[in-house]
Amino acid sequence: MLNYILTGIKQAGEQTLNWSKVHNTMQGEKKHPSNFYKKLCKAFCIYTNIDPKAADTQSTVRLIFIYQSALDIKKRLQRLEGAEEKSLEELVSVCSPYITHTKNIQKTKPRPSVI
Numbered sequence: 001m002l003n004y005i006l007t008g009i010k011q012a013g014e015q016t017l018n019w020s021k022v023h024n025t026m027q028g029e030k031k032h033p034s035n036f037y038k039k040l041c042k043a044f045c046i047y048t049n050i051d052p053k054a055a056d057t058q059s060t061v062r063l064i065f066i067y068q069s070a071l072d073i074k075k076r077l078q079r080l081e082g083a084e085e086k087s088l089e090e091l092v093s094v095c096s097p098y099i100t101h102t103k104n105i106q107k108t109k110p111r112p113s114v115i
């Protein structure tokens, strides 16, 4: 009898989908793409019933990763041929050198002198 009650409580209290929380997960300007991917996977696990590592949900996670990346990375991924068919790990590896290059450019910019 107790098993039936516990089963009923578990089924009644299933997690509701909160897509707005997933869509509010954005990549920061200075965040590495791999960190953003981990953050996005964590948001999927917490706020939805979608397993981001499952093969049947990869297209959804991939599109959200592309469109919620930082603006410069987003443009690069949108111009990439076949981005929709690539795995998420490939997309992250495509972005990684670009973010490193951007950081190096920011470091070499001359700072304005204070008078």
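Residue 115, in the UniProt record's numbering, is where the sequence shown stops; the numbers in between run on with no holes. Using N, Cα and C, we set each Cβ at its ideal position, and we do this for glycine too. Please read these numbers as outputs of a predicted model, since none were measured by experiment.
One Cα belongs to F36, the other to M1, and the distance between them is close to 46 Å. A distance below 7 Å between beta-carbons, with the five flanking residues on each side excluded, links A83 to the following residues of its chain, in chain order: I66, L77 and L91. Restricted to the segment 28-79, the alpha helix (DSSP H) segments that are unbroken, complete and at least 4 residues in length are 33-47, 58-67 and 71-79, listed in chain order. Rounded to whole angstroms, the gap between the alpha carbons of F44 and L80 is 25 Å. Check the Cα spacing between K75 and each of V61, S87 and V94: the tightest is with V94.
Counting along the chain, G8 sits inside the alpha helix (DSSP H) bounded by residues L2 to A12.
By the beta-carbon neighbour count (other beta carbons within 10 angstroms, threshold 16), L40 is buried. The closest CA to that of N49, considering only A55, Q68 and L17, is found on L17. Counting the other Cβ atoms within 10 Å of the Cβ of P97 gives fewer than 16, which makes it exposed.
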